[in-house]
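Residue numbers (our numbering): 67 to 126.
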């Protein structure tokens, strides 16, 4: 089936806060994307919000 849009943002930082996610959150909302992924230098996956997920760069 059609999964829809997925927004992806890459951050060089190892940690991300709510302010860092503002642009991605707004994009997901405005474009009705199903998911927003933020790729970081963090060592673990993070569920920031229901539709915002953080993935470590090394997973790619």
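Every residue, glycine too, gets a C-beta built ideally from N, C-alpha and C. Nothing here was measured: the structure is a model prediction, and the numbers come from that model.
Compute the Euclidean distance between the alpha carbons of residue i and residue j, then round it to the nearest angstrom.
i	j	result
residue 93	residue 113	17 Å
residue 95	residue 81	23 Å
residue 99	residue 85	19 Å
residue 109	residue 118	17 Å
residue 97	residue 91	10 Å
residue 87	residue 124	20 Å
residue 116	residue 78	22 Å
Mark residue i as exposed unless 16 or more other C-beta atoms lie within 10 angstroms of its C-beta, in which case mark it buried.
i	result
residue 106	buried
residue 70	exposed
residue 126	exposed
According to DSSP, is residue i part of a helix, a strand, or is it coil?
i	result
residue 96	helix
residue 88	helix
Which residues in the same chain have their Cβ closer than 6 Å to the Cβ of residue i, if we skip the five residues on either side of it in sequence?
i	result
residue 74	103
What does a CB cutoff of less than 8 Å around residue i pick up in its chain, not counting 5 residues either side in sequence?
i	result
residue 122	105, 106, 107, 108, 109, 110 and 111
Based on the DSSP output, what are the partners of residue i in its beta bridges?
i	result
residue 106	122
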